[in-house]
Amino acid sequence: MSAAKGVLSLQEEDVTKILVAGAHLGASNMNFQMETYVFKRRQNGVCLFNIRKMWDKLVLAARAIAAIENPADVCVISARQIAQRAVLKYARYTGATPIAGRFTPGSFTNQIQQAFKEPRLIIVTDPIADHQPITEASYVNIPVISFVNSDNPLRCIDLAIPCNNRGSQSIGLMLWFLAREVLRLRGTQPRNEQWEVMPDLFFYREPEEAAKEEPAAVTETHDNYNQDANAAPEGDWDQGTTIGQNVQISTGFVNNEEWNPAEDNWNKGTADNWATPAPPVAQNWSA
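Just so we're aligned: 178 in numbering that gives the first Met the number 0 is position 179 of the sequence shown, and the numbers increase by one with no gaps anywhere.
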């Protein structure tokens, strides 16, 4: 495959992100089908991916995704916990259909179940953990794009993106790259501007770390409140006031009207005579 040219070529800042996140680091074992993507081995046996080939396959995957008219026909799947946040974020920004967590068997083949789907393309983050959707996609001729490590098999995978798919930051960064390239190819994101979404939003965070940061934020807010409460009041409250001086407080009511007191005799009769008899009824109806 020829290297991407022009605007699709690999940028220096993207290379820096890949190196910092460790997306170029493979496993100590290597599958014979992944040998073409491995650049060299370290002294400790860890495989290093060719970053240029990695980027070319990622751009090719973005072009295949952008060619689908309905974004919801793309299904992105991850059974591993470290990639579920990235999958949900990718689906949010690109309009794809996410399946984060356990994949229900028969979702692509059993038409009578409620979770049945007919996607035109699926994206998986690990061929081993997501073997069930890959197998079902091969039964119904659905193309499969997968992020693969150096020891992953390529059976039933149509487009493989070599990267470190076992690190929370590396898989999050690769899905961030893929989402950005898809938006750029669709024309919704200008290529000469930086994407406002940070890669950190795609990274998985341990629940313990999030629980530690919440009390720290509450403590900081409480300290700021105490500092404001203990601050000296602005202005002199005693200025212009003499002890013993009568201060008139306005209540807002004007006491200019005279209210007549009620009568003391509550047993006084009324002026009307309720006992007056009614007039007699005429007896002659023919008059």
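All residues carry an ideal CB built from backbone N, CA and C; glycine is no exception. None of these values were measured; they are calculated from a predicted model.
Sheet register partners of residue i (DSSP bridge)
i	result
Thr96	Cys74
Arg40	Cys46
Asn121	The sequence shown places Ile at residue 121, rather than the Asn named in the question. Ile121 pairs with Cys74, Val143.
Ala159	Ser145
Leu177	In the DSSP output, where bridge partners are listed per residue, Leu177 has none listed.
Leu9	Paired residues: none, contrary to the question.
Val182	Correcting the residue type first, residue 182 is Leu in the shown sequence and not Val. In DSSP, Leu182 forms no bridge with anything.
Glu24	Sequence check: residue 24 is Leu here, not Glu. Answer is Leu47.
Cβ-Cβ distance between residue i and residue j below 9 Å
i	j	result
Ala114	Gly105	yes
Thr35	Ile64	no
Ala82	Leu174	yes
Ile158	Lys16	The sequence given here has Leu at residue 158, not Ile. No, these two residues do not count as a Cβ contact at 9 Å.
Asp72	Leu18	no
Pro198	Leu172	yes
Lys88	Leu184	no
Glu117	Val139	yes
Lys52	Cys46	no
Identity of the residue in the options nearest residue i by Cα
i	options	result
Thr124	Leu7, Tyr138, Pro161	Pro161
Gln10	Val58, Lys211, Ile111	Val58
Ile122	Ile111, Phe146, Asp199, Gln112	Phe146
His23	Phe31, Pro70, Ile144, Phe48	Phe48
Val181	Ala61, Asp13, Lys52	Ala61
Val196	Pro206, Phe102, Arg91, Trp54	Arg91
Glu12	Glu205, Lys211, Trp194, Ile111	Trp194
Arg84	Gly166, His130, Met29	Gly166
Gln131	Gly44, Thr103, Val14	Thr103
Phe31	Asn148, Ile98, Val14	Asn148
Length of the line joining the Cα atoms of residue i and residue j
i	j	result
Ile156	Ile133	7 Å
Asp150	Val37	11 Å
Cys74	Ala95	6 Å
Ile76	Arg41	31 Å
Asn164	Val143	16 Å
Phe202	Ile170	8 Å
Ser1	Ile50	Low per-residue confidence applies at Ser1: pLDDT is 47, beneath 50, and the placement is therefore not dependable, though the value from the model is reported in the following sentence. C-alpha separation (whole angstroms): 14 Å.
Phe176	Pro70	17 Å
Val6	Asn191	9 Å
Lys211	Glu205	10 Å
Pro126	Arg154	9 Å
Met33	Gln112	37 Å
Trp54	Gln110	37 Å
Asn28	Gly44	8 Å
Presumed contact (8 Å Cβ cut-off) between residue i and residue j, rounded CB distance
i	j	result
Thr108	Glu68	Not confirmed; about 24 Å, so no contact.
Ala128	Arg79	5 Å
Arg179	Gln188	7 Å
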